[in-house]
Every structure is written in C-alpha cells, then in structure tokens.
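The sequence shown: position 379 = 379 (the UniProt record's numbering), numbered continuously. Note sheet for the following structure.
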Amino acid sequence: MTKPTAPASATAESPSAAAPAATAAIAASVPAVDAEIDTADGQPARWRLLIQQYGRGVLLIAVLIGAIVWLGPRLLRGPEVALLQVVQQDFVQSVVASGRVESPHRVSVGAQITGTVARVPVDEGQQVDVDTILIELDASELQAVVTQAQASVALARAQLRQLQEVQAPVAALALQEAEANQRAALRILQRQQELKADRMISQSVLDEALRAEQVTRSKVSSFRQQLLSTGAQGSQAELAAVTLQQAQASLQLALARLAYTRLTAPVAGVLISRQVEPGSVVQPGLVLMQLAPSTSTQLVVQIEEKNLHLLQLGQLALVSADAYTDQSFPATLTYINPGIDAGRGVVEVKLAVATPPAYLRQDMTVSVDIVVASRLQAVLVPAGAVHDNDPHAPWVLLLDGWRVRRQDLQLGLRSQGWSEVLSGLQPGDWLVPVSNGQIQPGQRIRQLPAVAGVSK
1 MTKPTAPASA TAESPSAAAP AATAAIAASV PAVDAEIDTA DGQPARWRLL IQQYGRGVLL
61 IAVLIGAIVW LGPRLLRGPE VALLQVVQQD FVQSVVASGR VESPHRVSVG AQITGTVARV
121 PVDEGQQVDV DTILIELDAS ELQAVVTQAQ ASVALARAQL RQLQEVQAPV AALALQEAEA
181 NQRAALRILQ RQQELKADRM ISQSVLDEAL RAEQVTRSKV SSFRQQLLST GAQGSQAELA
241 AVTLQQAQAS LQLALARLAY TRLTAPVAGV LISRQVEPGS VVQPGLVLMQ LAPSTSTQLV
301 VQIEEKNLHL LQLGQLALVS ADAYTDQSFP ATLTYINPGI DAGRGVVEVK LAVATPPAYL
361 RQDMTVSVDI VVASRLQAVL VPAGAVHDND PHAPWVLLLD GWRVRRQDLQ LGLRSQGWSE
421 VLSGLQPGDW LVPVSNGQIQ PGQRIRQLPA VAGVSK
C-alpha cells in the first residue's frame, strides 16, 4: 500500500541579533570614555559629566530597541507552528489485522484397542505422508490369534476338499452297488413268484425274496440321498462351505484387530501434537496425536466490527508472518462469520492460502492487510490534521496567508492515518495539526518545517 509522501517544509524567519550586540557595544564603551577623560589633567571633564548623566538612559533605549527587533516578528506574525501538507497520489484503503494459521480441520489419532505402545517413530512438527506409521502397539497376542484363525481356515478348506474328493465319489459308488443289488433282488423275487405260482416253493421262501428286494430298494434310496448331500447343492457341501466362510471371517477379524496395533496417518500433513511415548498403555477414546492436513491452509483473523461494512468475499489480502516479516504471500477472503463477538467487538473471518510458503506453520501469528478499495491520484489529508469529533462534520485549520481559518471537509476512504478528501482542500494546502490545540481560527502563525507521509 502506498502512503502519501511528506509535505515540503517551510523555512522559518531568523530573528535579528542586532539589538543585543548594540547594547553590549554601548555598555562596553562607557568605561572606555571614562578612562580617556580621566587622563587629561586629573580633573573631571565636562564629557564625563554628560555621560554619567545620560549614559543609563542611552543604555535603556538600546535595550528597548533590541527587544523590539527580537520580539517584534513574534508579536506581529504569531507563533511558529509545524504544519502538515495535503498531498495527491494513488491511495489504497485496507483493513489491517492480526490472525493465526489454521488448517480447515485437524485429524485426531487414537487407538481402537487397549494395548501397550511398542514404538513411536515420528516427532512433533514432522511432515508425514498417507499411511506413514505413527504408533505401533505390542502385537504378540493378536498375532497368535491370527495364526489360530489361519489354521481354522486351513482345516475348513481341507474338510471341504475331503467332501468333494472322497465322500462324494464313495457315495456315488455305494449308490451304484446298491442299485445293482436292488436289480438282482428284483430278478430273484420275480423267479420266486413264478415258482410259487407253479406251487414249487412255499410262501415263506417268496416272502424272504420280497423282503430282500425291499431292503435293497431302501439302500438305493439311502445312498442316493447321501450322494445328493455331498453334491454342490447338498447339505454336507453347504455345511462345509459355511464352516470355511466362518473360519475365513474369524481370520479377517483377527487380521483387523492386528492392524489396530499399527496406527497410520490417514492423510498427508504435519504432526502438530503427540501425547504418547513407548511403554504407555493406551485405551480407545484417548487422543494420542493430532495431524494438520497439508491439503489446504487458511488464516483465521479477528476484524473490528466497525470495519465489517468494508469486507466482501473474494477480496485479496497481503499476508506476512511475524516470524518472517520480510516475506509476504497472497490470500483470499473466503468466509465472514455472521455472528459478532459482543465481548470483544470483533467478527471472525477466514482467508484461504492457495500456495502456502514452506515456512508457514500451524498456529503461527500473521499480519493481514485486506485491500477493500483504491483510488487513483486521490487528494489526501493526514489524519493528524482532521478534527472529527463529529464524524459527519470533519474540519481542519487551513493556513490562508498569515492566518489560519476553519475549513469544513467531506471525506471518503480512510486508511492507516490518511483520509481521502472529496471536497474542501487542494493539494499543497498547509494544515495545523490537531495536537497543536492552542491555535485558534483567525490567529496569525509562522510556518516551521513539517513531516508528512512517506511512501510505503
């Protein structure tokens, strides 16, 4: 931002030193005349009597003349006053405030199981990538559970293979044998029935052949059901498959709990806090670390509520960190809190930093200069010259010739000790500072060198 430059200074008139010098010369001459007269003939001369009679009067007159020469300009032209000058140049109005660096959100890292910390391989302030190991817990017990679950999966898989490779083929062969036996029994029964019709065998023999055929028929039915149960859609196959799935689920659960022993970074960012050390016993619900994601950076700033009407989303700002005042970076106003902090009279705003510098850290203090308006070749008056007890009727004491007069103003933009003049003054006008309260309108003054704005 450009501040107005210092006004030119006016040279004050040098007071006359003639009167004191003349007085001293006359006073020094009196004893010299006395010495000259005394050397004549030892008698007092007439000139000595005259000088003794009128010398004091002459000396008094000389003193009065010197005082008039010394004090005359002061009495006639008024006191010397350092004035401020009205200037014309480009002007930028900005709202200046302090804030801090903050991520849009922070990630809290905690344990999901109870365990003992075995290793913490990262430190505060360290930049970490996604899936970087932050904390490792003792995993010996959970590793044993995983091994047991893996054995259960292997057993269930072997049982399924046994069903498919052994039991199903055996059931098929048994069914074939039963069907053969059933056909043989059926043929025997038919012969026995023929013999009984010829009255060659007794009824008991026929009954025995009938019973044997029924037994073989039931065996065929039993072996057929057994073969169906060992097939792909059978109950034994389904039971073996479910047993395998259950074992696999137990293994996944054991692996998941084992993974809980390694706490990794969910996002890339900077580790801003760490509350755990090796050997600590941790429990679910405790925050062990905090991570600031590096995806985006924002600035949180408190602005005085009197400047709220000047702010708009999208306004640009120039930011510098208090630790690196010689470096600055841009930011954009992205959020204005709809509420006001009544206790402090401020409103919270947030600015987005598209490309944060490498030195920027979480919670770092920054100074923010938000540009809210600008004017080309504006007429500017120093704030130190404006009487604005009534904000709607500001005025100044303007030097007009040798006297000052009150001049009403109409002001526009204001920023950092300067105000834009809409009407009432011209560039180059000289003004009496408000701090010089003894100067009144209509009073004569003499101008001294003054200091005005310096370009920034």
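Each residue gets a CB set at the ideal place from its N, CA and C atoms; glycine is no exception.
Rounded to the nearest whole angstrom, the CA to CA distance from residue 329 to residue 139 is 47 Å.
Around the beta carbon of residue 369, a 10 Å sphere encloses 16 or more other beta carbons of the protein chains shown; the residue is thus reported as buried. Put simply, the backbone Cα of residue 175 is about 11 Å away from that of residue 217. When DSSP states are grouped into helix, strand and coil, residue 287 belongs to the strand group.
Beta-bridge pairing by DSSP links residue 324 to 321. Annotated as proximal: residue 364 and residue 321, with beta-carbon spacing under 8 Å. Residue environment: residue 437 is assigned as exposed (fewer than 16 neighbouring CB atoms within 10 Å of its CB, all protein chains considered). Residue 142 has its alpha-carbon roughly 7 Å from the corresponding atom of residue 254.
Assigned with DSSP and collapsed to three states, residue 79 falls in coil, not helix or strand. C-alpha of residue 279 to C-alpha of residue 130: approximately 25 Å in a straight line.
For residue 192, the uninterrupted alpha helix (DSSP H) segment begins and ends at 168 to 197.
Here DSSP, grouped into helix, strand and coil, assigns residue 420 to strand. For the pair residue 347 and residue 336, the CB atoms are nearer than the 8 Å cut-off. Between residue 362 and residue 103, the gap from beta carbon to beta carbon is short of 8 Å. Under DSSP, residue 369 forms a beta bridge with 96, 318.
DSSP lists 137 as the beta-bridge partner residues of residue 117.
When the five nearest sequence neighbours on each side are left out, the beta carbons in the same chain lying within less than 7 Å of the beta carbon of residue 210 are those of 189, in order along the chain. For residue 86, the three-state secondary structure derived from DSSP is coil.
Annotation for residue 260: 112, 113 place their beta carbon closer than 6 Å to its own, counting only its chain and skipping 5 residues before and after. Put simply, the backbone Cα of residue 422 is about 33 Å away from that of residue 350.
Contact check between the segment 379 to 389 and the segment 417 to 434: three or more CB pairs, one atom from each, fall below 8 Å, which counts as touching. The alpha-carbon separation between residue 403 and residue 393 amounts to approximately 22 Å. Note on geometry: alpha-carbon atoms of residue 313 and residue 358 lie some 26 Å from one another. Your pair residue 213 and residue 186 checks out as a contact, with CB atoms roughly 5 Å apart and the cut at 8 Å. Collapsing the DSSP output to three states places residue 385 in a helix. As DSSP reads the structure, residue 400 sits in a beta bridge with 403. For residue 347, the enclosing beta strand (DSSP E) begins and ends at 346 to 353.
Remark: C-beta atoms of residue 91 and residue 411 do not approach each other more closely than 8 Å. Residue 301 is bridged by DSSP to 99, 349. Nearest to residue 137 by C-alpha distance, out of 80, 258, 447, is 258.
At a Cβ-Cβ threshold of 8 Å, residue 271 and residue 289 count as neighbours.
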